[in-house]
Amino acid sequence: MIRMDQLVRAIAVALDIVEGQLLGASTHHGKRIAVLSVAMGRCFGLKEENLSSLATCALFHDSALTEYIISEQRAADPAMRLHCEYGQRNAEALLTDRDVSGFVLYHHERADGLGPFGKKEGSFPLGAEIIAIADMLDVAHHLQTVSAEDLPRIRKRVTEGAGTIFTRRAAEAMLSVLDEKMLAGLRDERIAATVENVIPVWLADVEHVSAFRIAGLAARIIDYKSVFTKRHSVQIANKAWLMGGHYNMDGNLRACLYMAAALHDLGKLATPSHILEKPGRLTPEEFDLIKDHARLTEDILKDVSGFEYICAMAAGHHERLDGTGYHQGKNADDLDFTTRLLACLDIYQAVSETRPYHAGRSHAETMPILYDMAENGWIDQEIVRDLAAVMAEYSNRDVPPPPEAALLGNV
Ligand SMILES: [Fe+2]
Ligand SMILES: [Fe+2]
Ligand SMILES: [Fe+2]
Ligand SMILES: [Fe+2]
Numbered sequence: 025m026i027r028m029d030q031l032v033r034a035i036a037v038a039l040d041i042v043e044g045q046l047l048g049a050s051t052h053h054g055k056r057i058a059v060l061s062v063a064m065g066r067c068f069g070l071k072e073e074n075l076s077s078l079a080t081c082a083l084f085h086d087s088a089l090t091e092y093i094i095s096e097q098r099a100a101d102p103a104m105r106l107h108c109e110y111g112q113r114n115a116e117a118l119l120t121d122r123d124v125s126g127f128v129l130y131h132h133e134r135a136d137g138l139g140p141f142g143k144k145e146g147s148f149p150l151g152a153e154i155i156a157i158a159d160m161l162d163v164a165h166h167l168q169t170v171s172a173e174d175l176p177r178i179r180k181r182v183t184e185g186a187g188t189i190f191t192r193r194a195a196e197a198m199l200s201v202l203d204e205k206m207l208a209g210l211r212d213e214r215i216a217a218t219v220e221n222v223i224p225v226w227l228a229d230v231e232h233v234s235a236f237r238i239a240g241l242a243a244r245i246i247d248y249k250s251v252f253t254k255r256h257s258v259q260i261a262n263k264a265w266l267m268g269g270h271y272n273m274d275g276n277l278r279a280c281l282y283m284a285a286a287l288h289d290l291g292k293l294a295t296p297s298h299i300l301e302k303p304g305r306l307t308p309e310e311f312d313l314i315k316d317h318a319r320l321t322e323d324i325l326k327d328v329s330g331f332e333y334i335c336a337m338a339a340g341h342h343e344r345l346d347g348t349g350y351h352q353g354k355n356a357d358d359l360d361f362t363t364r365l366l367a368c369l370d371i372y373q374a375v376s377e378t379r380p381y382h383a384g385r386s387h388a389e390t391m392p393i394l395y396d397m398a399e400n401g402w403i404d405q406e407i408v409r410d411l412a413a414v415m416a417e418y419s420n421r422d423v424p425p426p427p428e429a430a431l432l433g434n435v
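See the structure below:
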């Protein structure tokens, strides 16, 4: 079983990094909103399962921001409704069997109806009221930096805003949770531990639909980082799923491979965009920064319980059979079949897609490059042969996602 709550948090960490780069936004925002939301949810007597759903919505309430920022429709959407709509779609895709309707969609609504969707107090759900007040306070007051002396001023703002900015019941709940102890727990150096203690455990099997969805969602977030990798992780994940079927892998292994493929470049979220998109040759220092992404992927995923094998596979996607890969310098003896397969798929995808330093390549143009690498002893020859056969059918066509992940759409 996977600790889904830990996986959600690991991906939220990656989201923080990319949001910080794109917006200059404060880090750990989603985590602070999650901690405050769960505390307020307890005031309303919500059950553990509902608190867990609320925490996931809170952690991911701005999960669509990257997508939104890049969206061409942004100019026509001054009220920022789109990131609410996309975010809601993400939350519902993840939390298939829970009722979270409106939780993210209405996270910028106000009690007086002046929010992006014009919803007034009483016409949007409690989950959204809770996330909205936490979000507004954090954005306005930078709760990670305020001290106990600021507390009376912030509490006064909550009282004054009740019934106009915030719904009355949400304001009341906020007043009962926002004390010195809470503020101390929201500080940057404490927030990770606070989240760990506060957010309810959520366990799911790797074959559960939520596991597929969260991996698929993370892949999309990673891919949105750069126009050149727009389909990279999603396509590798879909191809991994396809190859898993070709090899008749059992459901568990096939799902693990899919997840590792979706998350393999998670660490790239921390790589500066100008390096990812540099058209010319990289300096040795820049190349070191690129190479660091495999280590970062491992670093972000390593503490997710139940994820050990998936993490090892994802972290090993740049290793080579002859030991010349990175970042752990593994060799043929350490690299099992699925890790070798993932390495081949990563190369296949990277070679075939358009990059700043090369145009896109057809299947027929891609394969000789992989054969050369296999000849050099870098990647598995038999897998390359199998890839050549299976992928020929999809020449220049996208491979569809597993049915469990299909609902995320193909934006
Ligand atoms: Fe937002
Ligand atoms: Fe936010
Ligand atoms: Fe990579
Ligand atoms: Fe990759």
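Residue numbers (this note's numbering): 25 to 435.
Even for Gly, the Cβ is constructed at its ideal location relative to N, Cα and C.
- Every residue whose beta carbon comes nearer than 5 Å to a heavy atom of ligand 2 appears here in chain order: Asp86, Asp159.
- Scanning the stretch 158-185 from its first residue to its last, the whole alpha helix (DSSP H) runs of 4-plus residues come out as 175-185.
- Secondary structure of His298 (DSSP, three-state): helix.
- Only buried fits His131, as 16 or more other CB atoms lie within 10 angstroms of its CB.
- Counting only residues whose CB is nearer than 5 Å to a non-hydrogen atom of ligand 4, the list in chain order is Asp289, Asp370.
- In this structure, Ile26 lies near Ala228, with their beta-carbon atoms less than 8 Å apart.
- For Arg105, the enclosing alpha helix (DSSP H) covers residues 105-118.
- Judged by their CB atoms, Phe190 and Val201 are not nearer to each other than the 8 Å cut-off.
- DSSP places Ala228 in the strand class (E or B) of the three-state scheme.
- The DSSP-derived three-state label of Arg27 is strand.
- In the pairwise beta carbon analysis, the stretch 361-377 is classified as not touching the stretch 218-237: fewer than three pairs are separated by under 8 Å.
- With fewer than 16 other Cβ atoms from the protein chains shown falling within 10 Å of its own Cβ, Leu138 counts as exposed.
- In the three-state reduction of the DSSP assignment, Arg379 falls in the strand class.
- Distance from the CA atom of Ile299 to the CA atom of Leu39, rounded to whole angstroms, is 19 Å.
- Contact between His85 and Asp159 is confirmed by a C-beta separation of about 7 Å, below the 8 Å threshold.
- Around the beta carbon of Thr362, 16 or more other beta carbons sit within 10 angstroms, so the residue counts as buried.
- Short note on His131: C-beta closer than 7 Å to some heavy atom of ligand 1.
- Non-local C-beta neighbours of Leu118 in its own chain, meaning closer than 6 Å and more than five positions away in sequence, comprise Ser234, Arg237, Ile238, ordered along the chain.
- When the beta-carbon positions are compared, Cys81 and Ile155 come within less than 8 Å of each other.
- Annotated three-state conformation of Phe68 is coil, per DSSP.
- Per DSSP, Lys326 has no beta-bridge partner at all.
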